[in-house]
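Everything below concerns the one structure shown next.
Chains as they are written, first to last, in this note's numbering: chain Y, 1284 to 1648; chain U, 7 to 200.
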């Protein structure tokens, strides 16, 4: 497999690099461990570990040693047979491996936006976990990080003639296809405050910022159609569309308005369709947060949500205190879905935030 | 149809229409005391990503200063109505015989709750335009850009006004200056607190 570097912000290329890096790391780790266990007279080491874990009643859903999630998971177990085989193993490696597993899980659930920031983040984790055993992926990850920095700083000049398209393993093609489906789904009904890319809906209404009422083309109030949701819907629209004016409502209630010249999703005329579910929608923002027990801290800036949110946040913090442990890590998607990242399976949404009750400038709108 | 090429200005597109044609009316700057007079009108259309279709034009009066005025708002959102009756751009003669345009900007006025003209702040304009307004105008053919004190030797209380000096009748530079300081400012809700 060729070691591809990004030349621009092309999402498919970035996604392909992340997925290929995972496959390369898995293959190299597998070969490395085969050699190590083979020298120790344990050629059936994978089956032995599988039997051990199953005898302990632990879930073991891996079919092959070439599943990177297996290596990362097994190496971080306190009774791991792999632990002592990986040079320079320490708590930092364990943390990086744990973080990488969560990121890869998000990648496989189409929740990782393939942008340069995310590529940098995931390359750093690959570098940390593959440098110790001297895998080639570590050099690749280092080169990717360096290239990303050059692109972001504007110092990288892409080649005049693009290089040949690299051969892609089937697994990478599958990741790209699933991402494309997820992207189309998101484009159809984007997050609040994000660009509306579909056709302009037919039903035209007007929201008035002074009366906080909603009118049809004849100037007749239609807010009553929303029942008890009326004030909540108006507040949400005006949160993203403070000047008010014309909005267009689709058949399913999705509502767009032109904000600063850009067609933008401002909310729903009625309840959002998945409001009563706990699935996580959208792409995860490339930031990490921690719940302190009474507040949410942005681990990059060390700022507290209670000190930065533009609107009252006490109810949401109380809800978090009821649902998650102090010290829990948190991620959020561009839809505002807040969740505890997991290394396997689907994460569950704890609550949905919006730009008024989150760190300014992080969510769309 | 004019042979001048269209100009893209951020979320707007300028299309130059007919060649100059005779126009009869009253200069907006003279509206209270003035009388009808003749002039020549050169029009351009500004369309935007949020469905505005506005015709504006340069009127060169027989006996009054030239001005750029909105002629007809063909379609648009409610907020584009702000451009129908406000936002005239006056033009003065600079000391070297060229035209001096004061770059006032349509800005949302929270107390009046509509857009009014305010003195231009270059950093703000660059911000909503997305690049350098000065470079844009100079690249289009403007002669000088800066405060009136800097570019025209003005020493009165208006010396700090942001302005541009152009060749007389330079419709392309005028259309860009008008589009950036009027329609684009309104489209971007300039002055509206988030």
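Heads up, the beta-carbon is just placed ideally off N, CA and C, and yes, glycines get one too.
Residues near residue 1513 of chain Y in its chain [Cβ-Cβ closer than 6 Å; skip 5 each side]: 1506
Residue 1385 of chain Y in three-state terms, based on DSSP: helix
Collapsed DSSP secondary structure at residue 1356 of chain Y in the structure displayed: helix
First and last residue of the uninterrupted beta strand (DSSP E) at residue 1563 of chain Y: Taken as a continuous stretch (DSSP letters only), residue 1563 of chain Y belongs to no beta strand (DSSP E), as it is neither H nor E.
Spatial neighbours of residue 130 of chain U in its chain, beta-carbon cut-off 8 Å, leaving aside the 5 residues before and after: 111 and 196
Host beta strand (DSSP E) of residue 1286 of chain Y (start-end): Counting along the chain, residue 1286 of chain Y falls outside any beta strand (DSSP E), and DSSP gives it neither H nor E.
Proximity below 8 Å, CB of residue 1478 of chain Y to CB of residue 1401 of chain Y: no
Extent of the continuous beta strand (DSSP E) run through residue 1580 of chain Y: 1579-1581
CB contact below 8 Å: residue 54 of chain U versus chain Y: yes
Neighbour flag for residue 113 of chain U against chain Y, beta carbons, 8 Å: no
Proximity test, Cβ basis, 8 Å: residue 1529 of chain Y and chain U: yes
Collapsed DSSP secondary structure at residue 1464 of chain Y in the structure displayed: helix
Short CB-CB distance (under 8 Å) between residue 1544 of chain Y and chain U: yes
Span separating the alpha-carbon of residue 160 of chain U from that of residue 154 of chain U: 5 Å
Proximity below 8 Å, CB of residue 109 of chain U to CB of residue 34 of chain U: no
Neighbour list for residue 1525 of chain Y in chain U, Cβ cutoff strictly below 9 Å: 195, 198, 199 and 200
Whole-angstrom C-beta distance between residue 16 of chain U and residue 190 of chain U, which should lie under 8 Å: 6 Å
Of the listed residues Y:1521, Y:1511 and Y:1447, nearest to residue 1476 of chain Y (C-alpha basis): Y:1521
Given 8 Å, three or more beta-carbon pairs between the segment 1425-1439 of chain Y and the segment 1311-1318 of chain Y: no
Segments assigned alpha helix (DSSP H), at least 4 residues, entirely inside the segment 1370-1416 of chain Y: 1374-1391 and 1399-1414
Run of the beta strand (DSSP E) containing residue 126 of chain U, from where it starts to where it stops: First-last for residue 126 of chain U: undefined, no H or E at that position.
contact_flag[the segment 1590-1597 of chain Y, the segment 1413-1427 of chain Y] where n(CB pairs < 8 Å) is 3 or more: no
Euclidean distance between Cα positions of residue 163 of chain U and residue 122 of chain U: 20 Å
Cross-strand partners of residue 1541 of chain Y (DSSP beta bridge): Y:1546
Supposed close pair residue 1623 of chain Y, residue 1607 of chain Y - CB separation, criterion 8 Å: 6 Å
Host beta strand (DSSP E) of residue 98 of chain U (start-end): 95-99
Option nearest residue 1560 of chain Y by Cα separation, candidates Y:1571, Y:1329, Y:1320 and Y:1630: Y:1630
Close beta carbons around residue 1441 of chain Y, own chain, < 8 Å, minus the five adjacent residues each side: 1290 and 1291
Under the three-state DSSP convention, the category residue 1276 of chain Y falls into: Absent from the model: residue 1276 of chain Y. The displayed extent of chain Y is 1284 to 1648, so no value can be given.
Beta carbon of residue 1415 of chain Y nearer than 8 Å to that of residue 1365 of chain Y: no
Contact list for the segment 73-104 of chain U against chain Y, Cβ threshold 8 Å: 83, 84 and 85
Residue 1514 of chain Y (DSSP reduced to helix, strand or coil): helix
Residue 63 of chain U versus residue 175 of chain U - alpha carbon distance: 12 Å
Residue 10 of chain U at chain Y interface by Cβ criterion, 8 Å: no
Simplified DSSP assignment, three categories, for residue 106 of chain U: strand
Where residue 1506 of chain Y falls: helix, strand or coil (DSSP): helix
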